[in-house]
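K.L.:
In full-length UniProt numbering, the protein residues as written are 1 to 177.
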């Protein structure tokens, strides 16, 4: 019985650690601006998909919009991280899909290799980690996936640059000190 009593405060501390919010509380107007920026960004990507016939509305680009419009100061949202992270992951994913078509195990390896390379080159972009899954599990062919990713990234980045210039302004991209 005494052991249960002694474990209880430790258990509460662990639960508090798991449920603690680490993001600072922001301003309501900024949150609305972030959400509206993501709407415009994804609508633009969807419009491009409609015009080009390319399958551009893919989940990783939605996750990129979260970082670009909601967390612009994050190192993971910087232009080099977006473009290089996606390039690495697309290269690895397409190579894996072409070399070992239909093997789900290759998807896991491709995700791990992509993450390791992004970390080594210091260009980590978490949404890009999903691209090897897209490349190995979807009908997108190699060249199409590269075009989809490039057009999606350019569109979202240009919109983010304009978006963060509109008041309330946010510094994007981060300045080099």
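For every residue, glycine included, the Cβ atom is placed at its ideal position computed from N, Cα and C.
At what residues does the alpha helix (DSSP H) containing residue 86 begin and finish?
P.N.:
From DSSP, the alpha helix (DSSP H) with residue 86 extends over 79 to 99.
K.L.:
Report yes or no: is there a C-beta of chain B within less than 8 Å of the C-beta of residue 109?
P.N.:
Reference to chain B is not applicable here, since this structure consists of a single protein chain.
K.L.:
How would you label residue 60, buried or exposed, when you count the other beta carbons within 10 angstroms and need 16 or more for buried?
P.N.:
Buried is the call here.
K.L.:
Spatial neighbours of residue 108 within its chain, please: C-beta separation below 6 Å, excluding the five flanking residues on both sides.
P.N.:
The answer is none, since no qualifying residue turns up.
K.L.:
In the DSSP assignment, find the unbroken alpha helix (DSSP H) run with residue 165 in it and report its ends.
P.N.:
Run containing residue 165: none; DSSP gives neither H nor E here.
K.L.:
Could you tell me which of 56, 154, 80, 31 sits nearest to residue 176, measuring between CA atoms?
P.N.:
Ranking the options by Cα distance to residue 176, first place goes to 80.
K.L.:
What are the boundary residues of the alpha helix (DSSP H) that includes residue 36?
P.N.:
Counting along the chain, the alpha helix (DSSP H) containing residue 36 begins and ends at 28 to 52.
K.L.:
Using a Cβ-Cβ cut-off of 7 Å (strictly less than) and excluding sequence neighbours within five positions of residue 83, which residues of its own chain qualify?
P.N.:
Taken in chain order, the residues that qualify are 153.
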